[in-house]
Each structure stands twice: as structure tokens, then as C-alpha cells.
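Data first, discussion second: the structure below is written as C-alpha cells.
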Amino acid sequence: MKDLLARLNPLRAESVPHIDGPALDRRLAGLAEAADLGEGRLAPPAIAEARSTADRAQARRGLSEQLTVVAFAGSTGAGKSTLFNSIVGEEVATVGVRRPTTSEPLAAIWREAPETIALLQWLGVSRWHVAEGGAEGLADLVLIDLPDHDSTQSAHRAHVDHFVERVDLMVWVLDPQKYADALVHEQYLRRFSRHDEVTVVVLNQVDKLTVADAQQCLSHLRRLVAEDGLSDAVVLATSNRSGEGLEHLAERILTSVSGRRTALARLAADVATASDGLAQAAEDPGTPVAGTDSADLARLTNVLTDAAGAPVITAAIEKSSQRKAVQSVGWPPLKWVARLRRDPIAQLRLERPGVDPRLVRSSLPSNDPVARARANTAVLDYADKASTGAPQAWVQSTRTVADRASAGLADQLDQAVTRAPLVPPRDPRWWSVFGVLQWVLLAVAVAGGLWLLGLAGLQYLQFPLTAAPTVEGIPIPTLLLVVGLLGGAVLAGFGRGLARTSAKRAARKAVSALRVEVAIVAEKEIAAPVTAELATVEQFRSALSAARGG
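Quick note, the sequence shown lines up with residues 966 to 1515 if you use the working numbering.
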């Protein structure tokens, strides 16, 4: 077996997947961007794993990419060290009856060059052997014999866990008795399901089985490895005693060396695995994000308008408008009664002419629990509708953004109230007309009353009187008094009816003006942050796609 690698060195099997340095750099950039976007949104372990993967990849790229590191790992008693010696062609690893024999990683190299030593130091290998002979191409090969992964000593398992994350090609050596052991499949093979092109699984010691049993075990192992996600991994049978399968294993190792891209392929698989971890942490269904439309924003605006005090403002505008109308169109002798009632608009501090709205606050009740609850619910409903189809992590982060915006919503809505032109800039013109008519009718009534009063006084003093002129038999003074009084009352009643209609119109305009200002608040404080948060979903997905080589 001594010249096995040298003899097979000219052979070439299928090359490893083509990936070059720039392509890997793009994948690493995608992984870094996805990790940055996931910060604060995804579980910290997934972010830490992604960044650790990127750091390892950058460190490995800083070393020689021409060198290929192949590690032998396996269970206790699987003949791993013997197989390692067979491939090297020398008794490098100690083989003994007592198991486990390998306690620390041991490397076999064919050239003790500075770049090789630097790579071994990064890997954490303190013991190595310079193999004799071999063709020139073996100078780029580093073989490592690892401790048993199922050892009872935790330090041995720690060595395996360390190296499986760093070597370029893993060769898992299993024996016919423990090849289906859950530990190797669940903790290692399944965990590296993206690494099928840089993974070799060996069923060793098949010489202990009959030919039929060996084939049955090999078929079962291939099925288990495929279920682990490594459907393209090389699975073969070997025997140190008979030499079966050793040439095939040596060919696979030499293929990884001759391609000189195994290190890049391994790093690309690491990046893809870390990307899968981010996607799993994000709970991404992969469906389009629903987003929102103008109707959604309109519904939110309506609820926030009510929360800003629209019902109270409507009542205040109506009462204030009617109060002013009574002062203008009511019967003049009774106008002072309306002045006794305080203007609702003044009570709510809704009118501050010439004052910067940012410097004042209204007196609207801002602690109405029902209105606040409805507003908060509407904001969260808006966020939930917008984030439909997004990864679950972004659904939660979008709700967090919306909830944070709700915290300062009361103040923003109050400022919207003070900015909105709620009070009509001028009184309706018909008020002035009605006011003039009321004074005219009052003058008529006063004239008629004075006339009658004068006649009564003259009669009392027994002055000779002539009959007052009449209209249709009704004395003109009486007619003037009656027309003046009744006309004023009718005009006042008619004016009140018109005032109610006008007040409702003014209230509707006020609410419309308030809705415009609230819509600005809804867009700026709710819609814009929610949209910005969800915009990162596509960035995250694009970054993951780039990290996976898409």
C-alpha cells in the first residue's frame, strides 16, 4: 500500500464543483448582509453562527487554497487509524488493541512548507509526519487522523467537533456494527447535509461480512446517508485486510487535491448551511409580502381620527357654530343669553390664531382608554396586514415597530388637532343678512309699540284723538308690533334651523381637515416605518439567495 497515492496520482475522477474565489466572496457578502439584516430580528445563535462561519471562511481564505485538508473521523474500533495508515502508505498512526488509540489529531503531509505549517497551526494540529515518496501533486495534500467521535473522553469529541468545521474533505469511517449509530447521523452527517460533495462515508471492515451481508449493509448505509441529506456523498466499502475499496477512496482523495477547489467548495457549503440557519430562524414561508394599499391606510386614518377626538370636536364645532349663529340671527333682546354659555371651541383650545401649532396643545381628553385601545389595535392590525407573507421574525419586528410608534401617537395626534383648520375662517354671510333683518323687525315692533304706547298715554290724559290708520281693519301700530314680534320669532326659528344645518356642515369640514392632518401622522409615524421594516425582507431574501449561490 506504500505507493498507493503515488500510483493513483495521475488518475482523475469527476472534478469537484466549480466555484472560484470571486463567487465565494459574493456568497460571503450575501451571508454578512443577511446576518446584519437579521440583527435584532432573528435569534442570536443563528446570527452568531453566520458570523462565525464568515470569520472561519475569511481565515481559511487567508491561508493556502492550493492545499486540501482531508480528515478521517469515525467511531471507536472502526479501523480508522489503520485505514489512515493504508492511504498514507506508512505506519503513521498508532494502532493497538486498546481502544480508543488516537487521542490527538495527527497529520500526514508530503511537504513541510511554510504555508502547510501555517495551515496546520490554524487547524490546531500540533503533531504531523512528513510522509516519504509520493508524486509532486501530493505536496498539496494534508491528511489528518482524528480521535473517535464517540469516545467517552470529552476532549476527544471536542477535537472532532473542532475539525469537522474546518477541514476541506471529511471521510467518515464506520464499521458494520455501528454504521447506523444515531450519534454520527444526527450530530454530524445530518448537520452537514449541505456538504455532500465534500463528504465521504466509508463502511470499513467489510471483510468480516459475507458478500451478501456487505452489500446489504452498504445499501442500508447509503439509504441512511441519503436520509441525512447527503444524497450525492460518496459511500463506499473498504477493507484494510483485503484492500477492497482502498483505490476508490484514494482516487476520491486525489480528485479533491487535483481540483484545487475543495477548500472553496467546503466554504461554500458552510455559507449555505449558515444561510439555511438564518432562514430557519426567520421562519420564512417564502411567500410574497402582502404590504398595504390606500384602503388600508384610509381605515387606519379613520380610526386614528376618532382617537384624535373627532366625536368631541364634531360636537364642539356644532355647539360653537350654533352659539355664534344665535348671537347673529337670534332675537336681539335675547342674544345676551347665548353669551352666558362658554364657547366649546375655547374650552378645548382649538383656536389659536397666529400661534405655532407645535407650541400649543389642545384640551381634548387624551386618556380615553377605549379610543386609545382602538387606535393601538388598528395600528397592530395595519402592521399584521402589511406583514402577511413575511418571515415570522419580520412579523414580530413589524409589530414591534408599530407598537413603538403607538407609544408617541397621542402627542402626534394632539399636534394634528392643533394644526388642522377646525374653526371656519369667517361666519356665513346669511348670518349678517338675518341679523340685519332681526334689527329691522325689532325696530318695526318698537315703532308699533311706541305708537300704541303714545296713543294710550294721550288717551289717559284725555286728549282728543283721531282713529289710528288701519290695514284691513287692523290698526297700523298694532300691525307693526305684531309683525315685528312674530317676524322676529319666525326669523329666529328659521335661522336656528339653518344654523343647525350650517353647524353640521362646519363640523364635517372640521373633521375632514383633521383627517388630512391625521393621515399625515399615519403615513409618517406608522406607514413609513412599517414599509421601511418590510423592505428589509426582500433585502434579506436576496442576501440569502446570494449566499446560497443564487
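By construction, the Cβ of each residue, glycine as well, lies at the ideal position given by its N, Cα and C atoms.
Going by C-alpha distance, which of the options is nearest residue i?
{"i": "Ser-1029", "options": "Leu-1417, Arg-991, Thr-1227", "result": "Thr-1227"}
{"i": "Val-1171", "options": "Val-1163, Thr-1164, Gln-1180, Ala-1013", "result": "Gln-1180"}
{"i": "Arg-1187", "options": "Thr-1257, Glu-1056, Leu-1168, Ala-1008", "result": "Leu-1168"}
{"i": "Val-1132", "options": "Ala-1145, Ala-1104, Val-1163", "result": "Val-1163"}
{"i": "Glu-1130", "options": "Val-1382, Ala-1263, Ala-1358, Asp-1020", "result": "Asp-1020"}
{"i": "Gly-1005", "options": "Arg-1394, Leu-1463, Val-1360", "result": "Val-1360"}
{"i": "Val-1409", "options": "Val-1502, Ser-1221, Leu-1451", "result": "Leu-1451"}
{"i": "Arg-1480", "options": "Gly-1208, Gly-1462, Thr-1279", "result": "Thr-1279"}
{"i": "Met-1135", "options": "Thr-1496, Ala-1120, Leu-1154", "result": "Leu-1154"}
{"i": "Gly-1039", "options": "Asp-1001, Leu-1085, Val-1165", "result": "Val-1165"}
What residue does the alpha helix (DSSP H) around residue i start on, and which one ends it?
{"i": "Val-1335", "result": "1334 to 1351"}
{"i": "His-1150", "result": "No alpha helix (DSSP H) contains His-1150, which DSSP labels as neither H nor E."}
{"i": "Leu-1183", "result": "1176 to 1192"}
{"i": "Ser-1223", "result": "1211 to 1224"}
{"i": "Thr-1365", "result": "1357 to 1372"}
{"i": "Asp-1261", "result": "1259 to 1272"}
{"i": "Asp-1172", "result": "Taken as a continuous stretch (DSSP letters only), Asp-1172 belongs to no alpha helix (DSSP H), as it is neither H nor E."}
{"i": "Thr-1252", "result": "Careful: Thr-1252 lies outside any alpha helix (DSSP H) and carries neither H nor E."}
{"i": "Leu-996", "result": "986 to 1003"}
{"i": "Leu-1426", "result": "Unbroken run through Leu-1426: none, as it is neither H nor E."}
{"i": "Gly-1242", "result": "1227 to 1247"}
Taking only the alpha-carbon atoms, compute the straight-line gap between residue i and residue j and give it to the nearest angstrom.
{"i": "Ser-1362", "j": "Ala-997", "result": "20 Å"}
{"i": "Leu-1214", "j": "Asp-1140", "result": "16 Å"}
{"i": "Lys-1489", "j": "Val-1277", "result": "25 Å"}
{"i": "Ala-1275", "j": "Val-1476", "result": "6 Å"}
{"i": "Trp-1087", "j": "Arg-1016", "result": "18 Å"}
{"i": "Leu-1195", "j": "Ala-1147", "result": "15 Å"}
{"i": "Gly-1346", "j": "Asp-1376", "result": "Per the sequence presented here, residue 1346 reads as Asp, with Gly not at that position. Approximately 21 Å, taken between the alpha carbons."}
{"i": "Glu-1009", "j": "Gln-1023", "result": "The question names Glu, but residue 1009 in the sequence shown is Pro. Answer to the nearest angstrom: the Cα atoms are 21 Å apart."}
{"i": "Val-1062", "j": "Gly-1210", "result": "In this prediction, Val-1062 has a pLDDT of 44, which is less than 50 and means its spatial position is unreliable; nothing more can be read from the coordinates."}
{"i": "Gly-1419", "j": "Gln-1427", "result": "12 Å"}
{"i": "Glu-1055", "j": "Ala-1104", "result": "16 Å"}
{"i": "Ala-1468", "j": "Ala-1260", "result": "29 Å"}
{"i": "Pro-1494", "j": "Val-1366", "result": "7 Å"}
{"i": "Ala-1083", "j": "His-1124", "result": "19 Å"}
{"i": "Thr-1257", "j": "Lys-1350", "result": "7 Å"}
{"i": "Val-1320", "j": "Leu-1387", "result": "Note that Val-1320 scores 41 on pLDDT, short of 50, meaning its location in the model is unreliable; the coordinates nonetheless yield the value given after this. Straight-line Cα distance between these residues: approximately 14 Å."}
{"i": "Gly-1460", "j": "Asp-1379", "result": "34 Å"}
{"i": "Ala-1457", "j": "Pro-1440", "result": "25 Å"}
{"i": "Asp-985", "j": "Ser-1046", "result": "33 Å"}
{"i": "Ala-1358", "j": "Val-1222", "result": "42 Å"}
Quick one: what does DSSP say residue i is sitting in, helix, strand or coil?
{"i": "Pro-1065", "result": "Because the pLDDT at Pro-1065 is just 47, under 50, the model does not fix this residue reliably, and the value given afterwards should be weighed accordingly. It is coil, neither helix nor strand."}
{"i": "Phe-1399", "result": "helix"}
{"i": "Pro-1440", "result": "strand"}
{"i": "Ile-1109", "result": "strand"}
{"i": "Gln-1504", "result": "helix"}
{"i": "Val-1167", "result": "strand"}
{"i": "Ser-1078", "result": "In the sequence on display, residue 1078 carries Ala and not Ser. Coil at Ala-1078, not helix or strand."}
{"i": "His-1578", "result": "This structure does not reach residue 1578, given that the chain is present from 966 up to 1515, and the question cannot be answered."}
{"i": "Val-1320", "result": "Interpretation of Val-1320 is limited by its pLDDT of 41, a score under 50 that renders its predicted location unreliable; the figure taken from the coordinates is listed afterwards. Looking at Val-1320 - three-state DSSP - the assignment turns out to be coil, as it is neither helix nor strand."}
{"i": "Leu-1201", "result": "strand"}
{"i": "Glu-1435", "result": "This sequence places Thr at residue 1435; Glu is not what is there. Note: Thr-1435 maps to strand in three-state DSSP."}
{"i": "Gln-1142", "result": "coil"}
{"i": "Ala-1043", "result": "coil"}
{"i": "Phe-1049", "result": "helix"}
{"i": "Gln-1086", "result": "helix"}
{"i": "Arg-1026", "result": "helix"}
{"i": "Glu-1498", "result": "helix"}
{"i": "Pro-1276", "result": "helix"}
{"i": "Glu-1056", "result": "coil"}
Grab me the residues of residue i's own chain with a C-beta within less than 6 Å of its C-beta, minus the 5 sequence neighbours each way, in chain order.
{"i": "Ala-1540", "result": "This structure cannot speak to residue 1540, because the chain is shown only from 966 to 1515."}
{"i": "Thr-1353", "result": "Ala-1255"}
{"i": "Ala-1508", "result": "Gly-995, Glu-998, Ala-999"}
{"i": "Ser-1204", "result": "Val-1171, Asp-1172"}
Could you give the first and the last residue of the continuous beta strand (DSSP E) run that contains residue i?
{"i": "Phe-1157", "result": "No beta strand (DSSP E) contains Phe-1157, which DSSP labels as neither H nor E."}
{"i": "Gly-1039", "result": "1033 to 1039"}
{"i": "Ile-1074", "result": "1071 to 1074"}
{"i": "Val-1136", "result": "1134 to 1139"}
Note down, in chain order, each residue of its chain lying with its Cβ closer than 8 Å to the Cβ of residue i, except the 5 sequence neighbours on either side.
{"i": "Lys-1474", "result": "Pro-1389"}
{"i": "Asp-1197", "result": "Asp-1161, Glu-1162"}
{"i": "Trp-1075", "result": "Val-1095, Ala-1096, Gly-1099, Leu-1103, Ala-1104, Leu-1106"}
{"i": "Glu-1069", "result": "Ser-1091, Arg-1092, Pro-1112, His-1124"}
Less than 7 Å between C-beta atoms, sequence neighbours within five positions excluded: which residues of the same chain meet that for residue i?
{"i": "His-1150", "result": "Leu-1189, Asp-1193"}
{"i": "Pro-1297", "result": "Gln-1403, Trp-1404, Leu-1407"}
{"i": "Tyr-1144", "result": "Leu-1168, Cys-1182, Leu-1186"}
{"i": "Ala-1336", "result": "Asp-1271, Ala-1272"}
For residue i, is the beta carbon positioned less than 6 Å from some heavy atom of the ligand ZN?
{"i": "Leu-1446", "result": "Absence of the ligand ZN is noted for the structure shown, with no ligands found whatsoever."}
Report yes or no: is there a C-beta of chain C within less than 7 Å of the C-beta of residue i?
{"i": "Ser-1040", "result": "Looking for chain C here will not work: only one protein chain is present."}
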